[in-house]
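The block underneath contains the structure these notes are about, expressed in structure tokens.
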Amino acid sequence: MHPPIPLLELLKEFDGSVDDYYAPGFELLPSDEDDGGYPPLSGQVRPFAQANGSGSTYAIWLRDDRADLATLPALLLGDEGGVHVVARDLPELLRVVAAGWSPMCAWDSLDYYDEREEEEEEGEEWDPCPENPAFRVWLREHLGLEAAEDPNEIVRAAGAELWEPFAAWIGPLIPDAVGSRRGA
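Numbers 2 to 185, taken from this note's numbering, label the letters of the sequence shown in order.
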């Protein structure tokens, strides 16, 4: 059993106060969820939220034994393949989530896109995350952070900074996670 993460406990309080999505497909998972669909990673990741409506998962990468798990990197475990570093830590991931953009993950790439823009172009009025403004206020008031203007910038910076230790760790466990990105 993992110890509670105070930041996730705070997020659970916010989550319980809203009636709809605050990020597309984002849903907190019960504590001590399984391996996020990647059995070789069991015990080395801590899944904590659905990343989208199709089953991709956000997890904390337990890369060392620091006490504050919120300071460890966040990963996206793709439902159709791919394991990627998303953020350097949990607060940075919440900035990505607060953007309200959806992740699109494959073995060789992870990109976020704003499906609200797509809907506007098609003349539709559907919003995949109607509680997003409330989440942005929560993020500002509780963490002093703003939503990422372009979450891809955070994802790329975190991936570049952590590439070597990530590749050294994930490569032997899931070679496909680094195969097409060697030297990235």
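For every residue, glycine included, the Cβ atom is placed at its ideal position computed from N, Cα and C.
Measuring CB to CB, does A168 end up less than 9 angstroms from V179? yes
Close beta carbons around I155, own chain, < 7 angstroms, minus the five adjacent residues each side: A88, E93, R96, V97, A149
Express the C-alpha separation of G37 and R157 in angstroms, rounding to a whole number. 22 angstroms
Quick one: what does DSSP say W102 is sitting in, helix, strand or coil? coil
Among G44, L111, P131, F27, which residue has its Cα nearest to the Cα of L174? G44
Could you give the residue range of the beta strand (DSSP E) that holds L63? Element bounds for L63: n/a, residue is neither H nor E.
Name the two residues that bound the continuous alpha helix (DSSP H) containing P189. Residue 189 falls outside the range modelled here, since the chain spans only 2 to 185, and no answer is possible.
How is the beta strand (DSSP E) around S110 delimited, first residue to last? 110-114
Output needed for R183: all residues of its chain with C-beta closer than 7 angstroms, excluding positions within five of it in sequence on either side, in chain order. Below a pLDDT of 50, predicted positions are generally treated as unreliable, and R183, at 48, falls in that range; the measurement from the model is reported next regardless. Counting only Cβ-Cβ distances below 7 angstroms, and skipping sequence neighbours, we find nothing.
What separation, rounded to the nearest whole angstrom, lies between the Cα atoms of E147 and V46? 26 angstroms
Closest residue to A71 among L77, W62, S18, L78 (Cα-Cα distance): W62
When burial is assigned at 16 or more other CB atoms within 10 Å of the CB, is A185 buried or exposed? Any reading at A185 is ruled out, since the residue's pLDDT is 44, under 50, leaving its predicted position unreliable.
Which one of D151, Q51, P41, L144 has the shortest CA to CA distance from W170? P41
Pop quiz: Y113 and A99 are said to be a contact at Cβ under 8 angstroms. What is the actual Cβ separation, rounded to whole angstroms? Actually they are not in contact, since the Cβ atoms of Y113 and A99 sit about 12 angstroms apart, beyond 8 angstroms.
Which stretch, first to last residue, makes up the alpha helix (DSSP H) that contains V138? 133-144
Give me the DSSP bridge partner(s) of E28. Q51
When DSSP builds the beta bridges, which residues end up paired with V86? L76
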